[in-house]
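Novice:
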Amino acid sequence: MVDKDLELFDCGHRACGGCGAALAARLVLKGAGTNTIVVSSTGCMEVFSTPYPETSWKVPWIHSLFENAAAVASGVVASLKKQGRTEKVVVMAGDGATFDIGMLCISGAFERGHDFTYICYDNEAYMNTGIQRSGATPYDASTTTSPAGSCSFGNKLPKKDMPQILAAHGAPYVATASIAYPMDLMQKVEKAINTPGSCYVQIHAPCCTGWGFEGEQTVAIAKLAIETGLWVNFEMIDGKVAKVKKVVRKPVEEYLKTQKRFRHLFKPKRQDAEIAAIQAIADRNAEKYGIDIKLKKE
Amino acid sequence: MLELTEGSLAIADAVRLCRPQVIAAYPITPQTHIVEALADMVANGKLDADYITVESEFSALSACLGASAAGSRTYSATTSQGLALMFEVCFNVAGMRFPIVMSIANRALGAPLSIWNDQQDSISLRDSGWLQFYAEDNQEATDLHYIAFRVAEDNAVLLPAFVCFDGFILSHTYEPVEMLNQADVDKYLPAFAPKERLDAADPISFGMFSTPDYYLEFRYEIDKALKDAKSVIEKAGKEFAQQFGRDYSAMVEGYHLADAETVLVAMGSICGTTKDAIDEMRAEGKKVGLLKIRVFRPFPAQDLAKALSGAKRIAVLDKNISLGSKGALALEIKDALYGSGIPVYDYIIGLGGRDVRKKDIKEVVALAEKGTGDLFYGLKKEVL
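First to last, the sequence lines map onto chains A and B. Under numbering that gives the first Met the number 0, the first residue of the first sequence is numbered 0, with each subsequent residue one higher. Under numbering that gives the first Met the number 0, the first residue of the second sequence is numbered 0, with each subsequent residue one higher.
1) Residues of chain A with CB closer than 7 Å to the CB of G206 (chain B), please, in chain order.
2) Compute the Euclidean distance between the alpha carbons of K379 (chain B) and T144 (chain A), then round it to the nearest angstrom.
3) For A21 (chain A), which residues in chain B fall below 9 Å Cβ to Cβ?
4) Rounding to the nearest angstrom, what Cα-Cα distance links K155 (chain A) and I100 (chain A) in this structure?
5) Using the C-alpha atoms, what's the distance from T97 (chain A) back to F132 (chain B)?
6) For chain B, is any of its Cβ atoms less than 8 Å away from the one on T128 (chain A)?
7) List the residues of chain A whose Cβ lies closer than 8 Å to the Cβ of D49 (chain B), in chain order.
8) Three or more C-beta pairs closer than 8 Å, one from the region 22 to 38 of chain A and one from the region 85 to 94 of chain A: is that the case here?
9) Relative to the C-alpha of N67 (chain A), which residue among B:G70, B:N43, B:K226, B:S58 is closest?
10) Quick one: what's T35 (chain A) bridged to in DSSP?
11) DSSP beta-bridge partners for Q131 (chain A)?
12) So is K29 (chain A) in contact with chain B if we call contact Cβ pairs under 8 Å?
13) Could you pull out every residue in the same chain whose Cβ sits closer than 8 Å to the Cβ of H32 (chain B), ignoring the five residues on either side in sequence?
14) Pick helix, strand or coil for S58 (chain B), following the three-state DSSP scheme.
15) I'd like to know whether the C-beta atoms of M95 (chain B) and F205 (chain B) end up nearer to each other than 8 Å.
16) Kindly indicate the opening and closing residues of the alpha helix (DSSP H) around Q80 (chain B).
17) If you run the structure through DSSP and keep just helix, strand and coil, what is V393 (chain B)?
18) Cβ of P29 (chain B) within 8 Å of Cβ of A104 (chain B)?
19) Quick check on the DSSP output: the beta strand (DSSP E) that includes I22 (chain B) runs from which residue to which?
20) Using 8 Å for Cβ pairs, my map puts I192 (chain A) next to A31 (chain A). What's the rounded Cβ distance?
21) Mind checking L328 (chain B): buried by the 16 CB within 10 Å criterion, or exposed?
22) In its own chain, which residues sit with a C-beta less than 7 Å from the C-beta of V374 (chain A), not counting the 5 before and 5 after it?
23) Start and end of the alpha helix (DSSP H) containing G236 (chain B)?
24) Are the C-beta atoms of E86 (chain A) and some chain B residue less than 8 Å apart?
25) Leaving aside the five residues before and after D9 (chain A) along the sequence, list all residues of the same chain whose C-beta is less than 7 Å from its C-beta, in chain order.
26) If you reduce the DSSP assignment to three classes, tell me which class L37 (chain B) lands in.
27) When we look at the beta-carbon of A135 (chain A) and count the other beta-carbons within 10 Å, is it buried (16 or more) or exposed?
28) Does T54 (chain A) come within less than 8 Å of chain B when only Cβ atoms are used?
29) Considering just the uninterrupted stretch of the alpha helix (DSSP H) at S177 (chain A), what are its terminal residues?
30) Mind listing which residues of the region 66 to 98 of chain B have their C-beta closer than 8 Å to chain A's C-betas, in chain order?
31) According to DSSP, which residues form a beta bridge with G148 (chain A)?
32) Taking 6 Å as the limit between beta carbons, can you name the residues of its chain near A24 (chain B), skipping five residues before and five after?
33) Helix, strand or coil for W129 (chain B) per DSSP?
34) Out of A:Y288, A:R13, A:K3, which one is the CA nearest neighbour of V243 (chain A)?
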């Protein structure tokens with residue numbers, strides 16, 4: 000059972016006020032519990048949580064490189080198995096480490112089915128190096144390598160569908176979660192670590208610095224992502240969608256307007272065609288996952 | 000008991016006797032026979048290890064890192080491009096002080112692609128913090144694995160180790176090799192018991208982020224441990240000699256050195272050919288000797304300077320080239336002999352599997368006697 004009061008991610012770390020990733024780490028460990036070994040990739044979380052000689056991790060923790068967390072976790076799992084030990088292994092990696100540079104190691108590990116849970120805290124860009132686009136960056140988001148400008152509306156590429164990619168590897172449990180829904184997040188982590196094999200949980204973790212909003216808005220913005228259908232919380236068991244968070248959808252611009260990374264869609268001039276294109280992404284998500292709650296006509 | 004066996008198979012058998020608990024490796028010529036043999040042992044219950052079939056060398060060493068951190072004796076093998084792909088992980092393993100042992104069947108690096116032998120691969124990792132042993136023959140290649148684990152896991156060292164042997168020349172050659180028995184190896188190499196490991200009962204953080212306030216000290220400690228490894232190697236070599244009769248306690252080994260005027264310096268299988276060439280030159284009255292370097296990291300500069308102090312000239316056989324400079328061995332030797340006035344001539348030789356024969360060694364000696372060096376030996380002018 001998830002212990003809501005368990006604190007395994009200690010205070011004093013160096014994350015920005017309102018950091019979604021720090022909240023994700025805290026919630027993940029509540030779901031995972033004390034009998035856990037964490038493998039981190041290089042990134043914001045690794046840097047802000049372990050400035051030598053201090054650490055926020057009250058469970059055993061290892062960081063090796065940017066792109067090899069899944070392979071390191073494979074080795075940890077193999078070693079524990081040989082020693083007959085019972086710790087559960089959890090990878091904590093950002094979206095750059097997951098969607099882009101770590102893809103090879105992840106694919107290999109999931110093919111082998113090593114018994115660990117891979118958590119991607121998805122803040123939708125390379126935040127540690129200063130907000131560059133990654134494979135997780137949404138359409139039209141302005142980043143420092145996909146800047147909006149007189150000839151550009153920002154990132155032109157769609158967000159890579161990592162959950163489907165890993166489900167196609169045969170992962171027995173794949174889920175998405177959001178820091179705005181902590182009980183759901185913790186339960187998914189608990190379920191993942193208790194499912195044998197390579198499991199994946201992708202957590203939407205807004206970044207106030209990178210997305211451009213005030214730190215106290217983090218949870219509200221994460222919630223808006225769900226409510227607009229731009230982020231869908233679901234569970235896939237053995238490749239089939241088993242559970243979806245349903246919503247009464249709001250228009251996407253309610254989400255877009257809250258963040259500077261989408262400001263160019265509204266100022267100096269409203270870009271109706273681009274907003275419509277993003278609305279179409281939300282509509283496709285809604286149709287694909289069946290998230291719409293149909294209100295009865297009065 | 001002496002067994003006539005292929006170098007790779009003898010090495011695999013030595014690795015089995017070292018009881019690695021986790022092996023992660025990826026196929027690459029000419030290393031593949033070793034990991035095939037180990038996979039076969041695991042499949043037939045002859046080796047109680049978890050064998051991870053990774054998707055790349057990069058993941059192989061990354062998985063080894065994780066397994067070592069969790070407290071298992073861990074082994075891999077690779078060569079050439081595979082080692083180059085591991086470059087980033089190699090520095091990381093040493094920095095985090097994990098005593099992984101890796102066999103390197105030395106091979107050239109592309110481009111152009113070459114599957115044949117030289118020592119460019121492991122030499123290119125000289126700055127990474129790994130111990131580097133070089134074997135002359137298959138007996139030595141085999142024995143150095145027991146010693147490498149023993150030294151790497153010593154609490155005064157806690158650093159990873161390469162055991163290097165020339166690809167094809169040793170890896171694919173059949174030679175008689177004396178294999179040890181399990182009880183004796185267990186006595187020489189006790190079970191791996193790291194002081195620190197990933198353990199929920201005692202949570203610690205590995206691989207933390209360092210500010211400029213601490214980084215310099217971390218690097219100093221790695222360097223110190225690598226230098227301190229010298230005495231641990233000597234002790235491990237002596238104990239091996241006491242138990243098994245073969246002495247690898249010296250970091251460098253002389254051959255007809257006492258009165259030698261021209262001393263060749265080399266590493267690996269080329270030392271065997273060189274000794275034969277020296278025998279023939281000695282029969283002709285030439286005062287030629289060899290200094291074989293068994294351990295390249297830590298570099299035994301003082302031992303080397305002492306051993307070479309009586310020489311009139313040094314001819315270094317470098318199976319590598321630090322492009323734009325010299326061979327790595329020559330650079331080290333020039334540093335070790337600085338101020339001695341002894342001339343050091345460098346010969347880049349045998350790259351990409353070009354055969355080095357006795358006549359080539361004799362020609363190198365003749366060039367050194369004329370004071371001609373710092374060159375690529377045996378260039379085919381017609382293809383340049």
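Yeah, the Cβ is synthetic: ideal placement off N, Cα and C, and Gly gets one too.
Specialist: On the basis of the supplied data:
1) I61, H62, S63
2) 49 Å
3) Within chain B, no residue comes near A21 (chain A); the closest Cβ sits about 15 Å away, beyond 9 Å.
4) 20 Å
5) 37 Å
6) no
7) A77, S78, K80, K81
8) yes
9) B:S58
10) A:K87
11) A:Y125
12) no
13) E5, S7, L8, A11, S170, H171
14) helix
15) yes
16) 79 to 84
17) Lying outside 0 to 383, the shown extent of chain B, residue 393 (chain B) is not represented and no answer is given.
18) yes
19) 21 to 24
20) 6 Å
21) buried
22) In the structure as shown, chain A begins at 0 and stops at 297. Residue 374 (chain A) is therefore absent and cannot be evaluated.
23) 214 to 243
24) yes
25) S55, K57
26) helix
27) buried
28) yes
29) Run containing S177 (chain A): none in the alpha helix (DSSP H); it sits in the beta strand (DSSP E), 172 to 177.
30) A66, S67, A68, A69, G70, S71, T73, E87, V88, N91, M95
31) A:S151
32) V34, A59, S75, A76
33) coil
34) A:Y288
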